[in-house]
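Each number in this note's numbering corresponds to the 1-based position in the sequence shown with 3 added. Ideal placement from N, C-alpha and C gives every residue a C-beta, glycine not left out. Read through the structure below, which is laid out as C-alpha coordinates, and then see the notes.
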Amino acid sequence: MELNESYWTSRYQNDQTGWDIGYASPAITNFMNQIENKDSKILIPGCGNAYEAKYLWENGFKNVYLLDFSPIPLKKFAEENPEFPKEQLLNFNFFNLTKSFDIIIEQTFFCALNPELRPQYVQKMKALLRPNGILFGLLFNIPLFDDRPPFGGEKSEYEKLFEKEFQIEIMEKCKNSIPERAGNELFFKVSLRS
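Listed below in C-alpha coordinates is the structure:
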(Lines of atoms letter the chains of each structure in order from A; the text may use other names.)
(Lines give C-alpha, C1' and ligand atoms only; values in the text may rest on other atoms or scores of the structure.)
Protein backbone atom coordinates (compact mmCIF):
# COMPACT_ATOMS: atom_id res chain seq x y z
CA MET A 4 0.00 0.00 0.00
CA GLU A 5 1.42 3.36 -1.01
CA LEU A 6 0.63 6.07 1.53
CA ASN A 7 0.46 8.87 -1.01
CA GLU A 8 -1.87 11.79 -1.77
CA SER A 9 -4.44 9.48 -3.39
CA TYR A 10 -4.54 7.24 -0.33
CA TRP A 11 -5.11 10.09 2.12
CA THR A 12 -7.59 11.90 -0.13
CA SER A 13 -9.58 8.68 -0.41
CA ARG A 14 -9.63 8.40 3.39
CA TYR A 15 -11.12 11.90 3.65
CA GLN A 16 -13.60 11.31 0.82
CA ASN A 17 -14.84 8.12 2.49
CA ASP A 18 -14.94 9.58 6.02
CA GLN A 19 -12.28 7.11 7.19
CA THR A 20 -10.66 9.56 9.59
CA GLY A 21 -10.56 7.72 12.89
CA TRP A 22 -7.59 9.83 14.01
CA ASP A 23 -9.74 12.97 13.92
CA ILE A 24 -10.90 13.68 17.48
CA GLY A 25 -12.91 16.76 16.46
CA TYR A 26 -11.06 19.28 18.66
CA ALA A 27 -7.55 20.37 19.60
CA SER A 28 -5.63 17.86 21.69
CA PRO A 29 -5.36 19.03 25.32
CA ALA A 30 -1.73 17.89 25.51
CA ILE A 31 -0.86 20.14 22.56
CA THR A 32 -2.85 23.18 23.69
CA ASN A 33 -1.59 22.94 27.28
CA PHE A 34 2.00 22.91 26.08
CA MET A 35 1.47 25.78 23.62
CA ASN A 36 -0.14 27.86 26.36
CA GLN A 37 3.34 28.00 27.92
CA ILE A 38 4.96 29.48 24.80
CA GLU A 39 5.32 33.23 25.22
CA ASN A 40 6.70 34.13 21.79
CA LYS A 41 3.57 34.52 19.66
CA ASP A 42 5.81 35.25 16.65
CA SER A 43 7.22 31.71 16.66
CA LYS A 44 7.10 30.12 13.23
CA ILE A 45 5.14 26.89 13.72
CA LEU A 46 4.61 23.87 11.46
CA ILE A 47 1.91 21.23 11.85
CA PRO A 48 2.76 18.45 9.37
CA GLY A 49 0.02 16.00 8.41
CA CYS A 50 -2.31 18.59 9.90
CA GLY A 51 -5.62 17.00 8.91
CA ASN A 52 -8.50 19.21 10.02
CA ALA A 53 -6.02 21.27 12.05
CA TYR A 54 -7.95 21.95 15.23
CA GLU A 55 -4.65 22.80 16.92
CA ALA A 56 -3.96 25.45 14.28
CA LYS A 57 -7.35 27.06 14.83
CA TYR A 58 -6.64 27.13 18.57
CA LEU A 59 -3.22 28.68 18.03
CA TRP A 60 -4.54 31.27 15.57
CA GLU A 61 -7.28 32.30 17.99
CA ASN A 62 -4.68 32.62 20.74
CA GLY A 63 -2.40 35.01 18.88
CA PHE A 64 -0.02 32.70 17.01
CA LYS A 65 -0.23 34.09 13.46
CA ASN A 66 2.83 32.38 11.99
CA VAL A 67 1.37 28.86 11.80
CA TYR A 68 1.91 26.70 8.71
CA LEU A 69 -0.23 23.68 7.91
CA LEU A 70 0.98 20.88 5.68
CA ASP A 71 -1.01 17.94 4.38
CA PHE A 72 -0.68 15.49 1.50
CA SER A 73 -4.41 15.74 0.79
CA PRO A 74 -5.99 19.02 -0.34
CA ILE A 75 -9.32 18.14 1.29
CA PRO A 76 -8.58 19.09 4.92
CA LEU A 77 -6.67 22.20 3.84
CA LYS A 78 -9.60 23.36 1.72
CA LYS A 79 -12.01 22.69 4.59
CA PHE A 80 -9.78 24.60 7.01
CA ALA A 81 -9.56 27.56 4.60
CA GLU A 82 -13.34 27.65 4.23
CA GLU A 83 -13.89 27.52 8.00
CA ASN A 84 -11.11 30.03 8.74
CA PRO A 85 -11.20 32.60 5.91
CA GLU A 86 -8.87 35.00 7.75
CA PHE A 87 -6.07 32.39 7.83
CA PRO A 88 -3.41 33.21 5.17
CA LYS A 89 -3.70 30.88 2.18
CA GLU A 90 0.08 30.95 1.67
CA GLN A 91 0.42 29.20 5.04
CA LEU A 92 -1.57 26.19 3.78
CA LEU A 93 0.90 23.78 2.18
CA ASN A 94 -0.37 20.92 0.04
CA PHE A 95 2.56 18.66 -0.80
CA ASN A 96 4.87 15.94 0.47
CA PHE A 97 6.45 16.72 3.85
CA PHE A 98 9.83 15.47 2.63
CA ASN A 99 9.85 18.20 -0.06
CA LEU A 100 9.41 21.06 2.43
CA THR A 101 12.32 23.52 2.57
CA LYS A 102 11.19 26.22 5.03
CA SER A 103 12.50 26.52 8.59
CA PHE A 104 10.55 26.66 11.85
CA ASP A 105 10.90 27.43 15.53
CA ILE A 106 8.32 24.85 16.62
CA ILE A 107 7.03 21.71 14.92
CA ILE A 108 3.99 19.98 16.38
CA GLU A 109 3.65 16.20 16.07
CA GLN A 110 0.03 15.08 16.21
CA THR A 111 -0.78 11.78 14.42
CA PHE A 112 1.66 12.43 11.56
CA PHE A 113 4.50 10.16 12.68
CA CYS A 114 2.13 7.20 13.10
CA ALA A 115 0.76 7.78 9.59
CA LEU A 116 4.17 7.33 7.96
CA ASN A 117 5.49 3.95 6.94
CA PRO A 118 7.90 2.97 9.76
CA GLU A 119 10.66 2.58 7.16
CA LEU A 120 10.54 6.38 6.80
CA ARG A 121 11.13 7.12 10.48
CA PRO A 122 14.89 7.76 10.12
CA GLN A 123 14.15 10.15 7.22
CA TYR A 124 11.46 11.82 9.38
CA VAL A 125 14.07 12.53 12.06
CA GLN A 126 16.54 13.89 9.50
CA LYS A 127 13.88 16.09 7.90
CA MET A 128 12.78 17.46 11.27
CA LYS A 129 16.41 18.28 12.03
CA ALA A 130 16.69 20.12 8.70
CA LEU A 131 13.44 22.06 9.21
CA LEU A 132 14.13 23.31 12.73
CA ARG A 133 15.89 26.61 13.31
CA PRO A 134 18.63 26.82 15.96
CA ASN A 135 16.96 26.46 19.38
CA GLY A 136 13.90 25.01 17.65
CA ILE A 137 11.76 22.30 19.22
CA LEU A 138 9.72 19.36 18.04
CA PHE A 139 7.03 18.23 20.45
CA GLY A 140 3.79 16.32 20.54
CA LEU A 141 2.32 12.88 20.95
CA LEU A 142 3.45 9.40 19.91
CA PHE A 143 1.59 6.14 20.33
CA ASN A 144 3.19 3.95 23.00
CA ILE A 145 1.57 0.70 21.90
CA PRO A 146 1.93 -1.67 18.97
CA LEU A 147 -0.79 -0.99 16.43
CA PHE A 148 -0.90 -2.19 12.83
CA ASP A 149 1.96 -3.64 10.78
CA ASP A 150 0.37 -3.20 7.37
CA ARG A 151 -1.44 0.16 7.56
CA PRO A 152 -1.63 3.33 9.62
CA PRO A 153 -1.68 4.05 12.42
CA PHE A 154 1.70 2.47 13.04
CA GLY A 155 2.61 2.19 16.70
CA GLY A 156 5.82 1.90 18.62
CA GLU A 157 7.26 2.26 22.07
CA LYS A 158 9.42 4.57 24.15
CA SER A 159 12.81 2.85 23.79
CA GLU A 160 12.39 2.70 20.01
CA TYR A 161 11.63 6.43 19.87
CA GLU A 162 14.51 7.31 22.19
CA LYS A 163 16.94 5.39 20.00
CA LEU A 164 15.55 7.09 16.90
CA PHE A 165 15.67 10.67 18.20
CA GLU A 166 18.75 10.66 20.46
CA LYS A 167 21.25 10.70 17.59
CA GLU A 168 20.10 14.10 16.32
CA PHE A 169 18.15 15.65 19.18
CA GLN A 170 18.38 16.34 22.87
CA ILE A 171 15.42 14.49 24.38
CA GLU A 172 13.98 16.85 26.98
CA ILE A 173 10.72 14.99 27.64
CA MET A 174 9.62 11.48 26.69
CA GLU A 175 7.00 10.34 29.16
CA LYS A 176 3.53 8.89 29.49
CA CYS A 177 1.08 11.62 28.51
CA LYS A 178 -0.83 12.87 31.54
CA ASN A 179 -3.62 14.61 29.64
CA SER A 180 -4.45 12.33 26.72
CA ILE A 181 -7.99 12.23 25.46
CA PRO A 182 -9.94 9.44 27.23
CA GLU A 183 -9.84 7.11 24.19
CA ARG A 184 -6.02 7.24 24.14
CA ALA A 185 -5.32 7.40 27.88
CA GLY A 186 -2.31 5.28 28.78
CA ASN A 187 -1.41 4.72 25.13
CA GLU A 188 0.44 7.94 24.32
CA LEU A 189 3.79 9.48 25.09
CA PHE A 190 4.26 13.22 25.29
CA PHE A 191 7.66 14.22 23.96
CA LYS A 192 9.75 17.30 23.42
CA VAL A 193 13.10 17.27 21.64
CA SER A 194 15.44 20.08 20.66
CA LEU A 195 18.34 20.29 18.26
CA ARG A 196 21.70 19.24 19.65
CA SER A 197 24.11 22.18 19.89
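Query, Result
"Local Cβ density within 10 Å of residue 101, reported as buried at 16 or more and exposed below that", "exposed"
"Where the beta strand (DSSP E) containing residue 107 begins and where it ends", "104-110"
"Own chain, CB closer than 7 Å to residue 52, minus 5 neighbours either side, in chain order", "23, 76, 79 and 80"
"Local conformation of residue 26 per DSSP, three classes", "coil"
"Residues near residue 133 by beta carbon distance below 8 Å, same chain, minus five either side", "44, 103, 104 and 105"
"Option nearest residue 56 by Cα separation, candidates 73, 37, 74 and 28", "28"
"Residue 34 in three-state terms, based on DSSP", "helix"
"DSSP-derived helix/strand/coil call for residue 41", "coil"
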